[in-house]
Amino acid sequence: MIDDLQQVYVERYGDEDITPVDPEQFAPPLGYFVIGYLGGVPVACGGWRVNDEVEGAAEIKRMYVVESARGQGLSRRVLAHLEQTAREAGLARIVLETGTRQPEAISLYTSSGYERIANFGVYSDHPDSRCFGKSL
Numbered sequence: 001m002i003d004d005l006q007q008v009y010v011e012r013y014g015d016e017d018i019t020p021v022d023p024e025q026f027a028p029p030l031g032y033f034v035i036g037y038l039g040g041v042p043v044a045c046g047g048w049r050v051n052d053e054v055e056g057a058a059e060i061k062r063m064y065v066v067e068s069a070r071g072q073g074l075s076r077r078v079l080a081h082l083e084q085t086a087r088e089a090g091l092a093r094i095v096l097e098t099g100t101r102q103p104e105a106i107s108l109y110t111s112s113g114y115e116r117i118a119n120f121g122v123y124s125d126h127p128d129s130r131c132f133g134k135s136l
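Under full-length UniProt numbering, read the sequence shown as residues 1 to 136, first letter to last.
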């Protein structure tokens, strides 16, 4: 699924996501990753990792739902689960970055209570980036 997600980035932005991501960052207690299945087939994923730039915050990464499973509310369920597990891990805030060419993601996050925040990290000066945050 991550390869499929990177292909979406290539189609929409012309290149893969530039964020450095090490799978070990998603290992508890400083991270978490979930895969959702339908009929035994992986169809949704997402994770969070502690963000050292935003005190007390988890950063959502690699949210994705395969095209054939979209429109069933899976992204909203994954997002709610990520928020719950970050809260249970003692984090007070959750942040994320998405891009201007992902209006469906922006709509999901804003309708889920996320508010625009200053861009952070490798996205600080990236004009196509939009960062959002939410208190847990």
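Positions of the beta carbon are idealized from the N, C-alpha and C atoms, including for glycine.
Please report the residue range of the alpha helix (DSSP H) in which residue i lies.
i: V8; result: 2–13
What's the gap between the Cα of residue i and the Cα of residue j?
i: G99; j: G40; result: 31 angstroms
i: A57; j: S68; result: 32 angstroms
i: S112; j: K61; result: 16 angstroms
i: D4; j: V65; result: 10 angstroms
i: H126; j: R93; result: 23 angstroms
i: S75; j: T110; result: 13 angstroms
i: E53; j: P103; result: 25 angstroms
i: F120; j: E97; result: 8 angstroms
i: A27; j: G133; result: 22 angstroms
Identify the continuous beta strand (DSSP E) that holds residue i and give its terminal residues.
i: I35; result: 31–38
i: G46; result: 41–51
i: F132; result: 129–135
For my contact list, residue i and residue j are in at a C-beta cut-off of 8 angstroms; report their separation, rounded to the angstrom.
i: T85; j: Y37; result: The Cβ separation is near 17 angstroms, so there is no contact.
i: V122; j: I18; result: 6 angstroms
i: C45; j: V95; result: Contact flag wrong, Cβ pair sits at about 19 angstroms.
i: V29; j: I35; result: It is Pro, not Val, that sits at residue 29 in the sequence shown. Contact doesn't hold; Cβ gap of about 19 angstroms is too wide.
i: W48; j: L82; result: 5 angstroms
i: R101; j: R12; result: 4 angstroms
i: E16; j: Q25; result: Not quite, the Cβ-Cβ distance comes to about 17 angstroms (not below 8 angstroms), so this is no contact.
i: L136; j: R77; result: L136 to R77, Cβ: 17 angstroms. No contact.
List the DSSP bridge partners of residue i.
i: I60; result: W48
Alpha helix (DSSP H) segments (min. 4 residues) lying fully within the segment 65–123 = 74–88, 103–111
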